[in-house]
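Encoded as structure tokens, the structure appears first; notes follow it.
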Amino acid sequence: MKTRQALAARKYLAPSIVVITLIHFTVGSGGLSAQAATSSAPRQPAAPKTVWDGVYTKEQAIRGQAAYMQVCSYCHRADMSGSEVRGELAPELVGAYFLLRWSGPLSQLLIKIDDEMPKDAPGTVTSEAAVDIISYLLEANDARPGTAELPPDRERVKQVLVTKKP
Numbered sequence: 057m058k059t060r061q062a063l064a065a066r067k068y069l070a071p072s073i074v075v076i077t078l079i080h081f082t083v084g085s086g087g088l089s090a091q092a093a094t095s096s097a098p099r100q101p102a103a104p105k106t107v108w109d110g111v112y113t114k115e116q117a118i119r120g121q122a123a124y125m126q127v128c129s130y131c132h133r134a135d136m137s138g139s140e141v142r143g144e145l146a147p148e149l150v151g152a153y154f155l156l157r158w159s160g161p162l163s164q165l166l167i168k169i170d171d172e173m174p175k176d177a178p179g180t181v182t183s184e185a186a187v188d189i190i191s192y193l194l195e196a197n198d199a200r201p202g203t204a205e206l207p208p209d210r211e212r213v214k215q216v217l218v219t220k221k222p
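Our numbering applies: residue 57 is where the sequence shown begins, and numbers increase by one.
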């Protein structure tokens, strides 16, 4: 009886030793790199950027302030507190209301400014001026500047989210 069990054990032992040896030599000798070992693992998507991650530059916000004063301040006021113009509400652009209203992809705000502002001359703000204005609005809402400018590209700006302050 013991002989049958010993033979059965040997039957499985030899292939197991071969597999273990192959694994040892492949991994131990550097045949399988750490990159290759992890490349088959599912990748976690990168966390999306938010407006709090330094998505504009200080210089861009300065240009945005000049553009805002020229194009937006008539309706939204110089202090961004909003107003009513010819029976239409120009909402405030600073504070919790602004962050709640534009919660989601920053591209929504870019599209709004690019296509619909100012109300008396829609579509006259260039995409470059629109992202400069957005940079100024972000600065006014306490989002810190970074080292790269916010691009005037709707698809790339779609990757940046407006969220509540962390």
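Glycine included, every Cβ here is placed at the ideal spot set by N, Cα and C.
Source: prediction; values computed, not measured.
- Secondary structure within the segment 114-139: the alpha helix (DSSP H) runs of 4 or more consecutive residues, fully enclosed, are 114-127, 129-132 (chain order).
- I167 and R210 have their alpha carbons spaced roughly 7 Å apart.
- Here DSSP, grouped into helix, strand and coil, assigns A177 to coil.
- Cβ contact annotation for G143 (same chain, cutoff 7 Å, sequence separation greater than five): none.
- Counted as a single uninterrupted DSSP element, the stretch harbouring L217 is not any alpha helix (DSSP H) but the beta strand (DSSP E) occupying residues 216-218.
- Counted as a single uninterrupted DSSP element, the stretch harbouring A146 is not any alpha helix (DSSP H) but the beta strand (DSSP E) occupying residues 144-146.
- When C-beta atoms of the segment 175-187 are compared with those of the segment 112-127, three or more pairs fall below 8 Å, so the two segments count as touching.
- Note that the C-beta distance between T113 and T219 is not below 8 Å.
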